[in-house]
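Below is one structure, written out as structure tokens, with a few remarks after it.
Number of protein chains: 2
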Amino acid sequence: MTGQTNAERGREVRARLLTAAQELIGELGWNGVSTRILAERAEVRPGLVHYHFESLQALLRQATTEAMRPMLDDMAALLASVPNPADAVESLMAEIDRYTGTDPASLLFIEAYLAATRDPILRGQMGELVTRLRAALTEALSASGHPSPEEAAIVVMAVIDGFLLHKGLDPRLSAIRLAPMLRHLTDPNGARS
Amino acid sequence: MTGQTNAERGREVRARLLTAAQELIGELGWNGVSTRILAERAEVRPGLVHYHFESLQALLRQATTEAMRPMLDDMAALLASVPNPADAVESLMAEIDRYTGTDPASLLFIEAYLAATRDPILRGQMGELVTRLRAALTEALSASGHPSPEEAAIVVMAVIDGFLLHKGLDPRLSAIRLAPMLRHLTDPNGARS
DNA sequence: GCTAGGGTTGGTCATTCGTCCAAGACGATC
DNA sequence: GATCGTCTTGGACGAATGACCAACCCTAGC
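Chains as they are written, first to last, in the numbering used here: chain A, 1 to 193; chain B, 1001 to 1193.
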């Protein structure tokens, strides 16, 4: 049918399985994703799962990190594109309002945090990603003259994930409404004791 | 052996199953708790699970709300016991440092948020509990003259859960270090734009 | 003393699970 | 056009799952 080579089809199956996993982790939960459901969503035979991946856990791990990395990289890029990190945080909050807290993308992140507490390998990979973004935010806050950049970075990152958690329970919550408070927190002139 | 009446033993079995569920949800994840593992932890025969509870989901729901309610009530009581809500928030942050983010108690909460996005009944019950605490915090902040009490309450609650999420990834994180920032956020004199 | 009813037991039911594997299919290389 | 390596298929394996049930135990109340 299509002029695909043998190896190309293999790569595509890999990709389909990974994106299917990214969707299903959010929809069914980390432990709710089975090899057969995964294969069905990817429109692939169940046997292929263990041909392309060492185990189901390994597949879920890879799907998670491959979903998180570009997202966090985008945030870091946003941070580097504006002179004042407080502006980056504000546009980040606006971005967050496009998620409901019950969509697969949001839930994938939360599920990943939980799975990381039970999977040392995943914990290492995620820890590196998250720590790197937090370090970038700390750096930016420090450069803008913030008196306690590391603490502010921790708070901002905690607010983002915690807010999504709560928005899943109450969809009426709005992130952009919190922007003034966070600006206050991240602005060098506002966070003095 | 013991002078237990028939109904007393039934009540005890119920209680044992509920506390076992509270432990296991955090240890294995919401979907990782099975009737047999649950019964084993509670030192009870597997058949009793479906005698005392309508379904496994119903058991997990009840275990979750019964664990959350006293915890949130304690927070509300702490809030009511001091004149300045900023003081309550600070001692709350000190309390949080007693959790590692990987202990069953912390993880039970996070798992519950996730499960609530897939179980409308649980969502309703948890939503009520969380909304009530947030309302109490909003009220207290408002009474202390905070310019935007609701937003500050949302941020504080998000920070708490989000911080636990991140602490699971990086145990070195310290909550009490964030106290000055949150005091700034919750103090009526510090949060003016 | 006897009976009614809540509590308990041990087991069964059909499904689903993760993992594995022999056999076949396919495209690239010589 | 034969051969090689990669990819794919369909099925199998033992183990675990949620739910259910008839039979049994025990105590409270008559």
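Think of the CB as a built atom: it goes at the ideal place given N, C-alpha and C, for glycine as much as any other residue.
Proximal chain A residues relative to B:I1160, where beta-carbon distance stays under 9 Å: In the second sequence, residue 1160 of chain B corresponds to position 160, counting from 1. Chain A residues near B:I1160: A158, G162.
Beta-carbon proximity of B:A1115 to B:L1122, cut-off 7 Å: For the purposes of this step, residue 1115 of chain B is identified with residue 115 of the second sequence, where counting begins at 1. For the purposes of this step, residue 1122 of chain B is identified with residue 122 of the second sequence, where counting begins at 1. Contact: yes.
Members of the segment 1110–1134 of chain B that neighbour chain A once the beta carbon cut-off is set at 9 Å: Of all residues in the segment 1110–1134 of chain B, I1110, E1111, Y1113, L1114, A1115, A1116, T1117, R1118, R1123, M1126, G1127, V1130, T1131, R1134 have a Cβ within less than 9 Å of some Cβ in chain A.
Contact with chain B by A:E54, beta-carbon distance below 7 Å: By one-based count along the first sequence, residue 54 of chain A stands at place 54. Output row for A:E54: interface = no.
A:A50 classed as buried or exposed, judged by whether at least 16 other C-beta atoms fall within 10 angstroms: Here residue 50 of chain A refers to the residue found at position 50 of the first sequence. The identity of residue 50 of chain A in the sequence shown is His, whereas the question assumes Ala. Exposed, since its Cβ has fewer than 16 Cβ neighbours within 10 Å.
B:V1155 at chain A interface by Cβ criterion, 7 Å: Numbered from its first residue, the second sequence carries residue 1155 of chain B at position 155. Output row for B:V1155: interface = yes.
Which listed residue (B:L1173, B:F1053, B:E1008, B:E1139) has its alpha carbon closest to that of A:A152: If you number the first sequence from 1, residue 152 of chain A lands on position 152. Per the Cα distances, B:L1173.
B:A1042 and B:R1016 closer than 7 Å at C-beta: In the second sequence, residue 1042 of chain B corresponds to position 42, counting from 1. In the second sequence, residue 1016 of chain B corresponds to position 16, counting from 1. Contact flag set, yes.
Rounded straight-line distance, which links the Cα of B:S1142 to that of B:S1193: Working through the second sequence from its first residue, we reach residue 1193 of chain B at position 193. Working through the second sequence from its first residue, we reach residue 1142 of chain B at position 142. Legend: pLDDT at B:S1193 = 41, less than 50; position of this residue unreliable, value from coordinates given subsequently. Rounded to whole angstroms, B:S1193 to B:S1142 spans 16 Å at the Cα level.
Alpha carbon of B:I1096 to alpha carbon of A:S144, nearest angstrom: The sequence position of residue 1096 of chain B within the second sequence is 96, counting from 1. The sequence position of residue 144 of chain A within the first sequence is 144, counting from 1. Going from the Cα of B:I1096 to the Cα of A:S144 covers about 30 Å.
A:I110 versus A:D161: straight-line alpha-carbon distance, rounded: For the purposes of this step, residue 110 of chain A is taken as residue 110 along the first sequence, with counting starting at 1. For the purposes of this step, residue 161 of chain A is taken as residue 161 along the first sequence, with counting starting at 1. In this structure, the straight-line span from the alpha carbon of A:I110 to that of A:D161 is close to 8 Å.
Coil, strand or helix - A:V130 by DSSP: Residue mapping note: residue 130 of chain A aligns to position 130 of the first sequence, counting from 1. Three-state result, A:V130: helix.
Counted within 10 angstroms of its Cβ, other Cβ atoms place A:I176 as buried (16 or more) or exposed: To locate residue 176 of chain A, count along the first sequence from 1; it is residue 176. Answer is exposed; the Cβ neighbour count stays below 16.
Contact set for B:I1178: own chain, Cβ-Cβ below 8 Å, skip 5 residues either direction: By 1-based counting over the second sequence, the position of residue 1178 of chain B is 178. Residue identity differs from the one stated: residue 1178 of chain B is Leu in this sequence, not Ile. Answer for B:L1178: M1093, V1159, F1163, listed in chain order.
As assigned by DSSP and simplified to three states, the class of B:A1039: By one-based count along the second sequence, residue 1039 of chain B stands at place 39. Helix at B:A1039.
CB contact below 7 Å: B:E1095 versus chain A: The residue given as residue 1095 of chain B occupies position 95 in the second sequence. Using beta-carbon distances, B:E1095 does not count as an interface residue toward chain A, since no partner is under 7 Å.
Rounded Cβ spacing between A:G26 and A:D103 (contact assumed at less than 8 Å): The residue you call residue 26 of chain A lines up with position 26 of the first sequence. The residue you call residue 103 of chain A lines up with position 103 of the first sequence. A:G26 to A:D103, Cβ: 7 Å. Contact.
B:T1035 and B:A1112 closer than 7 Å at C-beta: Here residue 1035 of chain B refers to the residue found at position 35 when the second sequence is read from its first residue. Here residue 1112 of chain B refers to the residue found at position 112 when the second sequence is read from its first residue. 7 Å or more divides the Cβ of B:T1035 from the Cβ of B:A1112.
Nearest candidate by alpha-carbon position, reference A:G124, set B:D1170, B:L1133, B:G1101, B:M1157: As a working mapping, residue 124 of chain A is identified with position 124 in the first sequence. The shortest Cα separation from A:G124 among B:D1170, B:L1133, B:G1101, B:M1157 belongs to B:D1170.
is_contact[B:S1193, chain A] using C-beta, thresh 7 Å: Position 193 of the second sequence, counted from the start, is the residue given in the question as residue 1193 of chain B. In this prediction, B:S1193 has a pLDDT of 41, which is less than 50 and means its spatial position is unreliable; nothing more can be read from the coordinates.
Assigned secondary structure, A:Y51 (DSSP; H/G/I helix, E/B strand, else coil): The residue labelled residue 51 of chain A in the question sits at position 51 within the first sequence. It is helical.
B:N1084: contacting residues in chain A (beta-carbon distance under 9 Å): Within the second sequence, the letter at position 84 stands for residue 1084 of chain B. Correct list: empty, because the minimum Cβ distance to chain A is about 16 Å.
Opening and closing residue of the alpha helix (DSSP H) in which B:R1098 lies: As a first step, residue 1098 of chain B must be located in the second sequence, where it is residue number 98. Bounds of any alpha helix (DSSP H) do not take in B:R1098, whose DSSP letter is neither H nor E.
Extent of the continuous alpha helix (DSSP H) run through A:R69: As a working note, residue 69 of chain A is residue 69 in the first sequence. It spans 56–81 - the alpha helix (DSSP H) in which A:R69 sits, taken as one unbroken run.
C-alpha distance - B:D1074 paired with A:L165, whole-angstrom precision: As a working mapping, residue 1074 of chain B is identified with position 74 in the second sequence. As a working mapping, residue 165 of chain A is identified with position 165 in the first sequence. C-alpha separation (whole angstroms): 21 Å.
B:S1174 - DSSP class collapsed to helix/strand/coil: Walking along the second sequence from the start, residue 1174 of chain B turns up at place 174. DSSP places B:S1174 in coil when its eight states are reduced to three.
Same chain, Cβ closer than 6 Å to B:A1088, neighbours up to 5 away in sequence not counted: Walking along the second sequence from the start, residue 1088 of chain B turns up at place 88. Its chain contains L1078, L1079, V1082 as the residues whose beta carbon lies nearer than 6 Å to that of B:A1088, once the 5 sequence neighbours on both sides are disregarded; these appear in chain order.
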